[in-house]
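What follows is a short report on a single structure.
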Amino acid sequence: MDPVRATAADLTAMPAALGIAVIALLYASVGHGGASGYLALMALMGQAPADMRPAALWLNLLVSAVATVQYARAGHFTWRLFLPFALLSVPMAYLGARITLGAETYESLLAFCLLLAALRLLGVFGAPATVLRRVHPLGAPLLGAAIGLISGLVGIGGGVLLSPALLLLRWGDAHRTAAVSAPFILVNSAAGLIGLHAVGPPAGLHIRWLFAALAGALIGSTLGARVLPDLRLRQVLGAVLLLASTKLLLA
């Protein structure tokens, strides 16, 4: 199936494309791909899980690629922090994508990820510590594997799970966390899409979604890598994700 062909008529309207652009901008500013935001948008509009996972991953792939380049160009990326988490996350993301969950299980797991993303954006985890710790040589790959599996199951890149962990464990500051999250999301999204191809062809995307995501990613990643991110906008997005997670939990 053509990955740029529309498959959900309800999401081809201009308001949806605008929503995708805003989500991409806000998420890219913190080094994320935005999958949890796209999934929240689709969940609020009643889309089927079978269409949501691949659509979110395609958008995630594009936005995280742009964010990866922008943060690397700004000098924040380090292989030493990235590789321990990505080592096992990629194969686990592939395996997770091959597993088809029941609708209730999927929605519960998605609601948890959306809730965590909302808390992250609302600043519940607090400011990153100024004194950093050395990354645990065994804990990092195991954490990456767990995040990769959940990412594949839900259809996200795992940034909303990795970022809070890095901040809470004091393994990275704000810019390093964003710079590592972006390529982590990129490789996990690619692995997830490959896994979905093994199950069946992914749902298509309308071309306007891709352009909207690209525009948002370019603006957001530039602001995030070189300018202080807008806290108020992230709080608004956090409130939207909180609404979406509550909707899924109460459904």
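Letter by letter, the sequence shown follows residues 1 to 251 in the working numbering. Backbone N, C-alpha and C define an ideal beta-carbon position, used for all residues, glycine too. The structure displayed is predicted, hence computed values, not measured ones.
L87 beta carbon less than 8 Å from that of G172:
Taking the sequence shown and counting its residues from 1, the one referred to as residue 172 is at position 172. Taking the sequence shown and counting its residues from 1, the one referred to as residue 87 is at position 87. Against a cut-off of 8 Å, the Cβ pair of L87 and G172 comes out as no contact.
Three Cβ pairs or more, each shorter than 8 Å: is that satisfied between the stretch 22 to 40 and the stretch 48 to 65?
yes
Is G19 near L241, with beta carbons less than 8 Å apart?
As a working note, residue 19 is residue 19 in the sequence shown. As a working note, residue 241 is residue 241 in the sequence shown. Not a contact, by the Cβ cut-off of 8 Å.
Backbone CA spacing between A178 and V90 [nearest angstrom]:
As a first step, residue 178 is located in the sequence shown; it is residue number 178 there, counting from the start. As a first step, residue 90 is located in the sequence shown; it is residue number 90 there, counting from the start. Between A178 and V90, the C-alpha separation is close to 18 Å.
Give the list of continuous alpha helix (DSSP H) stretches no shorter than 4 residues that lie fully inside the stretch 75 to 156.
79 to 97, 103 to 121, 139 to 154
Can you round the beta-carbon distance between A215 and A21 to whole angstroms, since I take them to be within the 8 Å contact cut?
Residue mapping note: residue 215 aligns to position 215 of the sequence shown, counting from 1. Residue mapping note: residue 21 aligns to position 21 of the sequence shown, counting from 1. Right, their Cβ atoms sit about 6 Å apart.
Classify A48 as helix, strand or coil using the three-state DSSP reduction.
Here residue 48 corresponds to residue number 48 of the sequence shown, with the count starting at 1. In this structure, A48 counts as coil in the three-state DSSP scheme.
Nearest residue (CA-CA) to L26, options Q47, L153, L223, R53:
Here residue 26 refers to the residue found at position 26 when the sequence shown is read from its first residue. The shortest Cα separation from L26 among Q47, L153, L223, R53 belongs to L223.
Using CA atoms only, rank isn't needed, just tell me which of G144, P84, L186, V187 is closest to P137.
Residue mapping note: residue 137 aligns to position 137 of the sequence shown, counting from 1. Closest in C-alpha terms to P137, from the list G144, P84, L186, V187, comes P84.
To the nearest angstrom, report how far apart L132 and R170 are at their CA atoms.
The residue given as residue 132 occupies position 132 in the sequence shown. The residue given as residue 170 occupies position 170 in the sequence shown. Roughly 5 Å between the two C-alpha positions.
Taking all protein chains shown into account, do 16 or more other C-beta atoms lie within 10 angstroms of the C-beta of P201, making it buried, or fewer, making it exposed?
Locating residue 201 in the sequence shown gives position 201, counting from the first residue. Any reading at P201 must be qualified, since the residue scores a pLDDT of 49, below 50, and its modelled position is unreliable; the value itself is stated next. Burial state of P201 is exposed, judged by a 10 Å Cβ sphere holding fewer than 16 other Cβ atoms.
If the criterion is Cβ atoms closer than 8 Å, does the pair A111 and L248 meet it?
Numbered from its first residue, the sequence shown carries residue 111 at position 111. Numbered from its first residue, the sequence shown carries residue 248 at position 248. Cβ atoms of A111 and L248: closer than 8 Å.
Per DSSP, what kind of secondary structure is L25 in: helix, strand or coil?
Taking the sequence shown and counting its residues from 1, one reaches residue 25 at position 25. Helix at L25.
For L59, which residues of its own chain have a beta-carbon under 8 Å away from its beta-carbon, when the five flanking residues on both sides are left out?
Stepping through the sequence shown from its first residue, residue 59 is reached at position 59. Excluding sequence neighbours, L59 sits near I20, A24, G33, G34, A35, Y38, L205, W209, L210, A213.
Verify whether the separation of the beta carbon atoms of A40 and L114 is less than 8 Å.
Your numbering for residue 40 matches position 40 in the sequence shown. Your numbering for residue 114 matches position 114 in the sequence shown. A contact, by the Cβ cut-off of 8 Å.
Drop a sphere of 10 angstroms on the beta-carbon of T68, count the other beta-carbons inside from all chains shown, and report buried for 16 or more, exposed for fewer.
By 1-based counting over the sequence shown, the position of residue 68 is 68. The residue in question, T68, is buried, as its Cβ has 16 or more Cβ neighbours within 10 Å.
Kindly indicate which residue of M52, L44, L57, A74 has the alpha-carbon position closest to the one of F184.
Here residue 184 corresponds to residue number 184 of the sequence shown, with the count starting at 1. Out of M52, L44, L57, A74, L57 has the C-alpha closest to the C-alpha of F184.
Please state whether DSSP places W171 in a helix, a strand or coil.
Counting from 1 along the sequence shown, the entry for residue 171 is found at position 171. W171: coil per DSSP, three-state reduction.
In whole angstroms, what separates the C-alpha of G155 from that of G192?
Counted from its first residue, the sequence shown places residue 155 at position 155. Counted from its first residue, the sequence shown places residue 192 at position 192. Their Cα atoms are separated by approximately 7 Å.
Going along the chain, which residues of its own chain have a beta-carbon closer than 6 Å to the beta-carbon of G238, five neighbours each way excluded?
In the sequence shown, counting from the first residue as 1, residue 238 sits at position 238. Contacts found: A118, L121, L122.
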